[in-house]
Amino acid sequence: MSVAGLIRMGDSTLVLGQRVSEWCGHAPALEEDIALANTALDLIGQTQLWLGLAGEREGQGQDADALAYRRDPWDFRNLLLVEQPNRDFGVTMMRQFLFDTWHLEVLRTLAQHPDAEISAIAQKSAKEVTYHRERSTDMVIALGDGTEESQQRMQSALVRLYPYVGEMFTIDPDDLIDMATLRPGFDAHLTATLDKATLTRPASEFAHQGGKTGARHSEHLGHILATMQSLPRSYPDAKW
Amino acid sequence: MYAQMIKSEATKEDPVKLAAFQARIDAGEKIEPKDWMPEGYRKTLIRQIGQHAHSEIVGQLPEGNWITRAPSLERKAILLAKVQDEAGHGLYLYCAAETLGVSRDELTEMLLDGQMKYSSIFSYPTLTWADMGAVGWLVDGAAILNQVPLQRTSYGPYARAMVRICKEESFHQRQGFDIMMKMVNGTAAQKHMAQDALNRLWYPSLMMFGPSDAESVHSEQSMRWKIKINSNDELRQKFVDQTVPQAEYLGLTIPDENLAWNDDKGGYDFSQPDWSEFFDVLKGNGPASVERIEARQTAWDDGAWVREARMAHAAKKQATTLAAE
Amino acid sequence: MTNEWPLYEVFIRGQHGLSHRHVGSLHATDAQHAIQNARDVYTRRKEGVSIWVVPAVQITASSPDDKDALFEPSEDKVYRHPTFFNIPDDVGAM
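Chains as they are written, first to last, in our numbering: chain X, 12 to 251; chain L, 518 to 842; chain V, 5 to 98.
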């Protein structure tokens, strides 16, 4: 029964990788452009592993590409957070920071998973994501504690994205692990970072739902998939 | 090439110093940032390396156009890695230019306000996935021909940047050819896309080498300074000679009725591109010129608050550290 | 232009046991940022196991004008090189 949980992992890394790759050629500095591409490359690589294993376990002959490129929006099980648009660099980095903080907690736990294939993917990914979290944390701190303008932008990015945090920790039998137990670790890193970044955590714990269950994605996912899947869908017989 | 139509700057220095400088170059020595150099050498290099760097950065855009639409996860990763390499190459080259006393920000502003150019090829649009193949195969193929000899250029930092770039670039052309092979062995639509991409990109690729040297009075000085190694025509001929058999292998037709093997010269005869189009493109009238500069301008403007904020934060951190000492 | 990120020089240890080698430069706001940027820019192909970064302004370089005074005096000290001495083959490896 791990297929649904594997697809959740792979869909989130897929959609976020797609989003981050949109920055290539457009970042605020060359160094950041290159760094964002590295993050996107890691996420695409992780997608190949998670969806590859999901396809194998499912046993219907679908490989990672088939799962990524031939499913419809209602089949996707990614978190709502990752389908949110890049908007400005501040929103992008805040989204990355929130995701990385959750992601690292998840991977550290999955690294101990009794299923050897799952723990192998988690161990490999955890190394990459340790660096992602370091980088996005430093960036959130620097931009939060930067200028008046940057502080405002980061605070509004946090306000905008915080309603997508709760979904990461809802308890759901399809997840590979009990996500709720990860919340304290997430909160500790979040609080410490926001403190250094001079940012204020929103008071409301309201949380949008429907990404990881697939019940109600945002309008953005359809656009992401329309773009991403356009070639394989338009030329179903072609090999690339 | 990536640095087309670079005019060498006139130099009016002490003839004794100039002769000694030329002797160093003739002896194959590398000129390093703190060494004496003629003002013309310095200025020509800034223009050439700067234009080369701009070409890498603007060159991210036509291929970046397809990253989100790459047809498989592996193709997406390969294309992203390649376009990322171009950002890296731009970075290395800007750093080389910076050793000559100009900053990256100054160079960027000269690109944005039109004082500096980038290679004409990147003002052409990428319309189908086959263009990712054709750009790698033709554009990177042409670039490599120019860049390999530049590893021996007389200016040390430029030569070292080129060594690193050539090492990284070796997979770029191959991945392009790999895409083309898949396309020509694929469905009828894929074959059509492949031929269409070749039709559109063939002449712009030939333009990359710049107009005939016969028309360029500046090449001579640059060649004496070893910041230009081969003539434009020489490299263009080499490019055609190496590409024609590759096109034949792919079963694609090069869009040139005059293309024919010439036994006497041991190379192909071929048609020149439309040079009036080339000069239009350089003036900013390429099919995608406006979009390219607009994209760079937007990235620059939208990124200003980030660059500023990171500096402000670093200053605060340093102040705190100093206060604690 | 006062907001331009300062230049750092990057040195990378390619393999265990080798010394750090200058590989290039980049811009960053502080040392930690420079290390991260160096990791992202200069180790994309597994080029290193350790990184040093130094603010470019902190590097003191010898002047090319002093080249003769600094380096020529060592040219005639040929006795510093092992090949200066002729040891008979019978002595064995030395």
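Glycine included, C-beta positions come from ideal geometry on N, C-alpha and C.
Contact with chain X by residue i, beta-carbon distance below 9 Å
i                       : result
leucine 11 (chain V)    : no
glutamate 811 (chain L) : no
valine 45 (chain V)     : yes
arginine 48 (chain V)   : yes
arginine 621 (chain L)  : yes
tyrosine 635 (chain L)  : no
methionine 5 (chain V)  : In this predicted model, methionine 5 (chain V) has a pLDDT of only 44, less than 50, meaning its place in the structure is not dependable; the value taken from the coordinates is given anyway. Not one chain X Cβ lies under 9 Å of methionine 5 (chain V).
histidine 26 (chain V)  : no
glutamine 19 (chain V)  : no
Beta carbon proximity, residue i to chain V, threshold 9 Å
i                        : result
aspartate 149 (chain X)  : yes
arginine 824 (chain L)   : yes
isoleucine 55 (chain X)  : no
leucine 41 (chain X)     : yes
glutamine 539 (chain L)  : no
methionine 828 (chain L) : yes
arginine 146 (chain X)   : yes
glycine 605 (chain L)    : yes
aspartate 819 (chain L)  : no
tryptophan 553 (chain L) : yes
alanine 831 (chain L)    : yes
CB contact flag (residue i, residue j, <9 Å)
i                           : j                        : result
phenylalanine 108 (chain X) : arginine 144 (chain X)   : yes
threonine 585 (chain L)     : lysine 524 (chain L)     : no
aspartate 730 (chain L)     : histidine 689 (chain L)  : no
glutamine 95 (chain X)      : histidine 228 (chain X)  : no
asparagine 481 (chain L)    : tyrosine 519 (chain L)   : The requested residue 481 (chain L) is not part of the displayed model; chain L covers only 518 to 842.
glutamate 13 (chain V)      : aspartate 622 (chain L)  : no
glutamine 73 (chain X)      : isoleucine 235 (chain X) : no
glutamine 521 (chain L)     : serine 637 (chain L)     : yes
methionine 104 (chain X)    : leucine 154 (chain X)    : yes
alanine 38 (chain V)        : valine 57 (chain V)      : yes
aspartate 713 (chain L)     : leucine 628 (chain L)    : no
Boundaries (first-last residue) of the beta strand (DSSP E) holding residue i
i                          : result
glycine 784 (chain L)      : 784-786
histidine 37 (chain X)     : From DSSP, histidine 37 (chain X) is part of no beta strand (DSSP E); its letter is neither H nor E.
arginine 25 (chain V)      : 25-31
phenylalanine 15 (chain V) : 11-17
serine 54 (chain V)        : 54-59
alanine 65 (chain V)       : Counting along the chain, alanine 65 (chain V) falls outside any beta strand (DSSP E), and DSSP gives it neither H nor E.
asparagine 779 (chain L)   : 777-779
Boundaries of the alpha helix (DSSP H) in which residue i is found, first to last residue
i                           : result
histidine 231 (chain X)     : 230-239
tyrosine 173 (chain X)      : Unbroken run through tyrosine 173 (chain X): none, as it is neither H nor E.
histidine 200 (chain X)     : 194-207
tyrosine 611 (chain L)      : 590-615
alanine 651 (chain L)       : 647-651
serine 739 (chain L)        : 736-741
histidine 689 (chain L)     : 673-701
proline 125 (chain X)       : Careful: proline 125 (chain X) lies outside any alpha helix (DSSP H) and carries neither H nor E.
phenylalanine 796 (chain L) : 792-797
threonine 120 (chain X)     : 100-121
tyrosine 720 (chain L)      : 705-724
Minimum Cβ-Cβ distance from residue i to chain L less than 9 Å
i                           : result
alanine 191 (chain X)       : no
proline 86 (chain V)        : no
tyrosine 80 (chain X)       : yes
serine 67 (chain V)         : yes
arginine 164 (chain X)      : yes
histidine 31 (chain V)      : yes
glutamate 128 (chain X)     : no
alanine 37 (chain X)        : A quick correction: the sequence has histidine, not alanine, at residue 37 (chain X). It does: the Cβ of histidine 37 (chain X) has a partner Cβ on chain L nearer than 9 Å.
threonine 96 (chain X)      : Before going further, note that residue 96 (chain X) is proline rather than threonine in the sequence given. Chain L contact via Cβ: absent.
glutamate 76 (chain V)      : no
phenylalanine 108 (chain X) : no
Heavy atom of the ligand COA within 8 Å of residue i beta-carbon
i                     : result
leucine 118 (chain X) : Questions concerning the ligand COA fall outside what the structure shown contains, since it holds no ligand whatsoever.
For the region 591-598 of chain L and the region 519-530 of chain L, state whether three or more C-beta atom pairs, one from each stretch, are separated by less than 8 Å.
When Cβ pairs closer than 8 Å are counted between the two stretches, the region 591-598 of chain L is seen not to touch the region 519-530 of chain L, the count staying below three.
Would you call the region 123-138 of chain X and the region 34-52 of chain X in contact, with 3 or more CB pairs under 8 Å?
Contact between the region 123-138 of chain X and the region 34-52 of chain X is absent, because fewer than three Cβ pairs lie under 8 Å.
Spell out a yes or no on whether the region 29-36 of chain V and the region 606-620 of chain L are touching, meaning 3 or more CB-CB pairs, one atom from each, closer than 8 Å.
Contact holds between the region 29-36 of chain V and the region 606-620 of chain L, because three or more Cβ pairs, one in each stretch, are under 8 Å apart.
Mind checking the region 584-595 of chain L against chain B and listing, in chain order, the residues whose C-beta falls within less than 9 Å of any C-beta there?
Included in the structure are the protein chains X, L and V, with no chain B among them.
Extract the residue ranges of the alpha helix (DSSP H) inside the region 128-182 of chain X, only unbroken runs of 4 or more that lie entirely within it.
Segments of the alpha helix (DSSP H) lying fully in the region 128-182 of chain X: 159-172.
Does the region 667-675 of chain L touch the region 701-712 of chain L, meaning 3 or more C-beta pairs lie closer than 8 Å?
Three or more beta-carbon pairs separated by less than 8 Å are not found between the region 701-712 of chain L and the region 667-675 of chain L, which leaves the two stretches without contact.
Pairing CB atoms from the region 216-226 of chain X with CB atoms from the region 78-98 of chain X, are three or more of them under 8 Å?
A contact exists between the region 216-226 of chain X and the region 78-98 of chain X.
Enumerated in chain order, which unbroken segments of the alpha helix (DSSP H) with a length of 4 residues or greater are wholly contained in the region 817-841 of chain L?
For the region 817-841 of chain L, not a single whole alpha helix (DSSP H) run of length 4 or above is found.
Count the C-beta pairs between the region 548-559 of chain L and the region 68-82 of chain V that are closer than 8 Å, then say yes if the count reaches three, no if not.
A contact exists between the region 548-559 of chain L and the region 68-82 of chain V.
For the region 709-726 of chain L against the region 765-784 of chain L, are there 3 or more C-beta pairs whose distance is under 8 Å?
The count of Cβ pairs closer than 8 Å, one atom from the region 709-726 of chain L and one from the region 765-784 of chain L, reaches three, so the stretches are in contact.
Any 3 or more C-beta pairs closer than 8 Å across the region 576-585 of chain L and the region 15-22 of chain X
Not touching, per the Cβ criterion.
contact_flag[the region 44-53 of chain V, the region 75-93 of chain V] where n(CB pairs < 8 Å) is 3 or more
Taking 8 Å as the limit for Cβ pairs, the verdict is that the region 75-93 of chain V does not touch the region 44-53 of chain V.
My parser needs the alpha helix (DSSP H) runs of 4 or more residues fully inside the region 50-96 of chain X; what are they?
Listed in chain order, they are 75-80, 91-94.
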